[in-house]
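As structure tokens, the structure follows; a few thoughts come after it.
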């Protein structure tokens, strides 16, 4: 089966650092994506990891360990506008030749003043 | 670049009627488009994979006769919810993929979504 786990909710303070974890078990792996989604809007791309290690992009970093089936998204210098859902998604060719995205349940992050 | 549009952005319809949602890739050609459904406070669930010029591939549990998908061109896919019922009320999101734009990383570009409410 395909399974991706994330914490349901997290709360952090403006200016702080927060780490959102994601663990996955999928049949096939062709990369892991992190998306940000504000309520009522479509997901927007944040990061992509296909090899082990850390990818840094401004205030956002993402880490992947394929052997552990584990990733995290690190958000630094939190701003109020970072309050949103963060979706972990694995690209997998399950059930056919086309890669599909399997989404986790999403982590609702609330940034407080 | 890599803009995907959806129309309409929201729609309200009566139970038993059909609703068509369009998904367009505006500045690139997408051989593959995906349709997702998202219920409140839940994540995106893949409904079907749409390939240009061929039949869509539906995920387990998704009724292909109820959710008709047509991918007639490289820039347009449509989802028709037939005989809609209140339980079909949801946020429907499409995405399109272009390996060339994404540098080979298999990224999907998402449309803004369509909010469907069935009365």
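Chains as they are written, first to last, in our numbering: chain A, 42 to 154; chain B, 596 to 714. Glycine residues also receive a C-beta, built at the ideal position from the N, C-alpha and C atoms.
Less than 9 angstroms separating the beta-carbons of residue i and residue j?
| i | j | result |
| --- | --- | --- |
| residue 639/B | residue 128/A | yes |
| residue 90/A | residue 97/A | no |
| residue 142/A | residue 61/A | no |
| residue 56/A | residue 686/B | no |
| residue 54/A | residue 152/A | yes |
| residue 133/A | residue 44/A | no |
| residue 112/A | residue 119/A | no |
| residue 608/B | residue 674/B | no |
| residue 149/A | residue 636/B | yes |
| residue 677/B | residue 613/B | yes |
| residue 693/B | residue 623/B | yes |
| residue 68/A | residue 94/A | no |
| residue 702/B | residue 74/A | yes |
Assuming the contact rule is C-beta atoms closer than 8 angstroms, residue i and residue j should be a hit. Round their C-beta distance to whole Å, please.
| i | j | result |
| --- | --- | --- |
| residue 711/B | residue 606/B | 6 angstroms |
| residue 647/B | residue 668/B | 7 angstroms |
| residue 76/A | residue 92/A | At roughly 19 angstroms, the Cβ-Cβ gap does not stay under 8 angstroms, so residue 76/A and residue 92/A are not in contact. |
| residue 672/B | residue 680/B | Rounded, the Cβ-Cβ distance is 23 angstroms, inconsistent with contact. |
Given residue i, which residues of its chain have a CB within under 7 angstroms of its CB, disregarding the five upstream and five downstream residues?
| i | result |
| --- | --- |
| residue 146/A | 47 and 49 |
| residue 704/B | 597, 599, 690 and 691 |
| residue 708/B | 601, 686, 687 and 688 |
| residue 123/A | 116, 150 and 152 |
| residue 52/A | 151 and 153 |
| residue 110/A | 64, 65 and 66 |
| residue 126/A | 78, 147, 148 and 149 |
| residue 107/A | 70 and 93 |
In chain order, what residues of the same chain lie with their CB nearer than 8 angstroms to the CB of residue i, ignoring the 5 residues before and after it?
| i | result |
| --- | --- |
| residue 657/B | 642 and 643 |
| residue 717/B | Absent from the model: residue 717/B. The displayed extent of chain B is 596 to 714, so no value can be given. |
If I measure Cβ to Cβ from residue i and keep anything under 6 angstroms in the same chain, skipping five residues before and after, which residues do I get?
| i | result |
| --- | --- |
| residue 653/B | 643 and 659 |
| residue 58/A | 117 |
| residue 634/B | 685 |
| residue 664/B | 643, 645, 651 and 674 |
| residue 140/A | 71, 132 and 134 |
| residue 144/A | 128 and 130 |
Check the Cβ of residue i against every Cβ in chain C and list those closer than 7 angstroms, keeping chain order.
| i | result |
| --- | --- |
| residue 627/B | In the structure shown, chain C cannot be found, because the protein chains are A and B. |
Note to self: Give me the subset of the stretch 65-94 of chain A whose CB atoms are less than 9 angstroms from a CB atom of chain B, sorted by chain position.
What the structure shows: Residues passing the 9 angstroms Cβ filter: 71, 72, 74, 76, 78, 81, 82, 83, 84, 85, 86, 89 and 91.
Item checked: Selection of the stretch 670-698 of chain B by Cβ proximity to chain A, strictly under 7 angstroms -> 688
Margin query: Threshold first: 3 residues or longer. Then list the beta strand (DSSP E) segments lying entirely within the stretch 75-120 of chain A, N to C.
Written below: 85-90, 94-98, 101-106 and 111-116
Next item on the list: With 9 angstroms as the limit, tell me which residues of the stretch 636-653 of chain B have their beta carbon closer than that to any beta carbon of chain A; keep them in chain order.
Entry: 636, 637, 638, 639, 640, 641, 644, 646 and 652
Next item on the list: Can you give me, in chain order, the residues of the stretch 698-714 of chain B that have a beta carbon less than 9 angstroms from any beta carbon in chain A?
Entry: 700, 701, 702, 703, 704, 705, 706, 707, 708 and 710
Item checked: Selection of the stretch 137-148 of chain A by Cβ proximity to chain B, strictly under 9 angstroms -> 137, 139, 140, 141, 142, 143, 144, 145, 146 and 147
Item checked: Segments of 3+ residues assigned as beta strand (DSSP E) that fall wholly inside the stretch 611-677 of chain B -> 614-620, 627-633, 640-646, 662-668 and 671-676
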